[in-house]
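Numbering (our numbering), first residue to last: 16 to 142.
As structure tokens, this is what we get:
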């Protein structure tokens, strides 16, 4: 639900979403870390903020992203700086890397669709 909120209110382009995923992966590799229930929300909103600023022609300001993420503007600013310094401000993504991540996301999406089973235990109201 949180990522759906980011997609809905940030209005990032599809390319921006892929780049945010790339940045998040780079960040986690740099810190030798992983997503947890304690950091996932802040890392997601920060990666989308940074990607939107770098990729999209128009994007919202930090205060707006902070509202989407449910954090203060001051914290959003600190998260952005920490994220950028951890990435050493290396935000360029080659077309090859972009294509690789697109393929990876396509495969994960296809796998999720294959494993999805509709919930038939609840009545739909249709007879």
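We put the CB at the ideal spot given by N, CA and C, even for glycine.
The model shown is predicted, which means the values in this text are computed figures rather than measured ones.
The Cβ atoms of residue 105 and residue 52 lie no closer than 9 Å to each other. Of the candidates 73, 117, 126, 94, 94 places its Cα closest to the Cα of residue 81.
Within a 10 Å sphere around the beta-carbon of residue 61 sit 16 or more other beta-carbons, which makes this residue buried. Straight-line measurement puts the Cα of residue 96 at about 31 Å from the Cα of residue 121.
In this structure, the beta-carbon distance from residue 21 to residue 63 falls below 9 Å. Membership of residue 33 in the alpha helix (DSSP H) is indicated by the continuous run 29 to 46.
By the 16-neighbour rule on beta-carbons within 10 angstroms, residue 46 is exposed. Beyond the five residues adjoining it in sequence on each side, residue 91 comes within less than 8 Å, by CB distance, of 60, 61, 64, 77, 78, 80, 81, 84 in the same chain, given in chain order.
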